[in-house]
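See below for the structure under consideration.
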Amino acid sequence: MQDKNAHGIVVKGLLKSFENLKVLEGIDFVVPKGEMLALLGPNGAGKTTTVRILSTLIKANGGEAYIEGVDVFKDPKKVRSLIGLTGQYAAIDEQLTGRENLVMIGELYHLGRKESEKRAQILLEQFDLLEAANRKSKTYSGGMKRRLDLALSLVATPPVLFLDEPTTGLDPRARQAMWNVIERLMKDGVTILLTTQYLEEADKLANRVAVLDHGRIIAQGTPDELKSKVGSDTLELFLKHEKDMTRTMSLVGPGAKENREEKLISVPVDKGLRDVKRILELIEKANIEIETMSIEKPTLDDVFLRLTGHHTH
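Going left to right, the sequence shown walks through residues 7 to 319 as the working numbering numbers them.
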């Protein structure tokens with residue numbers, strides 16, 4: 007068992023079933039203090055169920071879980087004082103202004119009126135909501151509502167934050183704004199568990215990634231470690247003439263794939279630039295004309311497809 011006091015989140019053998027449906031089948035992971043783990047998987051994989059258990063909203067059927075060393079199952083009240091939670095749908099009172107929402111949450115946490123107003127002002131500035139602070143939140147855009155929701159989860163400055171698909175449904179600009187906010191939180195030392203279907207999001211933000219599929223974690227590691235499991239970089243060659251495809255395939259060696267429609271040949275380059283140089287020299291000697299070329303690195307999408315046989319969506 008990992009030292010539960012040395013980490014922000016420790017999960018061991020977590021089990022959850024709803025009647026006859028097994029949702030979690032004994033998952034394990036650890037999030038060191040001040041780091042982020044992205045829990046990656048398709049709808050129905052068990053991501054939200056994991057967050058709901060760790061945030062004390064539902065009970066597990068078995069296993070262990072600790073937040074900042076506190077047992078989630080034995081002391082849920084203490085755990086609730088250590089966490090913030092932002093879900094896929096903003097949990098704000100749309101009849102209140104942004105400022106009123108924040109002050110209300112501060113008072114619910116017994117911060118007192120003055121301290122609640124002070125926290126509200128700080129968070130409105132931090133989340134770029136100052137101009138809209140005194141407007142009813144029902145007038146906010148989707149991205150603004152999501153930022154306000156995240157601000158609400160931080161009123162009591164929790165050391166651990168659960169972000170359950172926080173950018174689902176946002177346009178690219180609003181998603182980028184949320185990423186900027188999340189990166190600032192990480193710099194401030196907040197421990198974060200992020201669930202997401204967006205591979206780019208996990209790759210950009212997380213220290214480590216755990217791939218969840220059908221209630222089991224099937225791979226864990228840094229984004230680069232997981233991508234290295236897929237294999238090497240790929241040299242993509244778009245030929246000028248389709249008639250050169252067969253000859254080129256015979257030159258570049260084993261492992262190459264062809265797409266005759268696009269006149270594309272993809273070649274794994276295990277030795278990096280050395281392989282690229284060797285292949286290009288062979289093609290030049292054979293007087294084969296290349297239209298364009300590029301080197302593509304594996305993505306987390308490739309990892310997920312290799313591990314599960316399907317994409318996240």
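Note that the Cβ used here is the ideal one computed from N, Cα and C, for glycine as well.
Whole-angstrom distance between residue j and residue i, CA atom to CA atom
i: N169; j: E189; result: At residue 169 the sequence reads Leu, which differs from the Asn that was named. Roughly 13 Å between the two C-alpha positions.
i: G32; j: L200; result: 19 Å
i: M192; j: G14; result: 13 Å
i: L313; j: N67; result: 27 Å
i: N140; j: A71; result: 40 Å
i: R222; j: R181; result: 28 Å
i: E231; j: V78; result: 30 Å
i: V309; j: K210; result: 15 Å
i: D250; j: D276; result: 24 Å
i: N186; j: P172; result: 13 Å
i: R119; j: S147; result: 28 Å
i: N265; j: T103; result: 56 Å
i: K320; j: L286; result: Since the displayed the chain opens at 7 and closes at 319, residue 320 lies outside it and no answer follows.
i: L27; j: I224; result: 19 Å
i: R58; j: I64; result: 6 Å
i: T298; j: R179; result: 31 Å
i: K269; j: K246; result: 7 Å
i: F348; j: G93; result: Residue 348 is absent from the model: the chain starts at 7 and stops at 319.
i: V85; j: R125; result: 21 Å
i: G69; j: G259; result: 50 Å
i: A292; j: L311; result: 36 Å
i: K39; j: S238; result: 32 Å
Residue span of the beta strand (DSSP E) that contains residue i, given as start and end
i: Q226; result: 222-227
i: S6; result: Since the first residue shown for the chain is 7 and the last is 319, residue 6 is missing from the structure and cannot be characterised.
i: L306; result: Premise fails: L306 lies in the alpha helix (DSSP H), 306-314, not in any beta strand (DSSP E).
i: L218; result: 214-219
i: I301; result: 296-302
i: G32; result: 27-38
i: K263; result: 263-265
i: H13; result: 13-24
i: E41; result: E41 -> no beta strand (DSSP E), and no H or E assigned at all.
i: E100; result: Here E100 belongs to no beta strand (DSSP E), and DSSP marks it neither H nor E.
i: E242; result: 239-245
Sequence-distant residues of the same chain with beta carbon closer than 7 Å to residue i, five excluded per side
i: S61; result: I89, L91, F168
i: I289; result: T254, L257, I296
i: P164; result: L88, I89, G90
i: I111; result: L158, V161
i: V138; result: One point to set straight first is that residue 138 is Ala, not Val, in the sequence displayed. Taken in chain order, the residues that qualify are G104, Y146, M150.
i: T55; result: K22, V29, L30
Cβ shell of residue i (< 8 Å), same chain only, five flanking positions each side left out
i: A183; result: D134, G149, R153
i: A97; result: D155, L158
i: T320; result: As displayed, the chain neither begins before 7 nor continues past 319, which places residue 320 out of reach and without an answer.
i: K142; result: E100, Q101, L102, T103
Outcome for residue i when other beta-carbon atoms lying within 10 angstroms are tallied against a minimum of 16
i: E41; result: buried
i: E74; result: buried
i: K263; result: exposed
i: F35; result: buried
i: D194; result: exposed
i: L114; result: exposed
i: G175; result: exposed
i: Q203; result: buried
i: S122; result: buried
i: K83; result: exposed
i: L279; result: exposed
i: N107; result: buried
Residue i - containing alpha helix (DSSP H), residue span
i: T252; result: 251-258
i: A126; result: 119-132
i: I285; result: 279-291
i: P82; result: 82-86
i: I111; result: 104-114
Contacting residues, own chain, Cβ-Cβ under 6 Å from residue i (five flanking each side not counted)
i: V166; result: G14, I73, L88, I89, T197
i: S272; result: T240, E242, K263
i: K235; result: none
i: L45; result: K53, T201, A216, L218
i: L294; result: Here residue 294 is Ile; the residue named in the question, Leu, does not match the sequence. Within the same chain, I294 has close Cβ partners D250, T254.
i: L136; result: L130
i: H220; result: none
### Ordered list of alpha helix (DSSP H) runs contained in the stretch 136-208, each at least 4 residues
148-158, 178-193
### Task
At 4 residues or longer, and completely inside the stretch 45-90: list those alpha helix (DSSP H) runs for me, N to C.
53-60, 82-86
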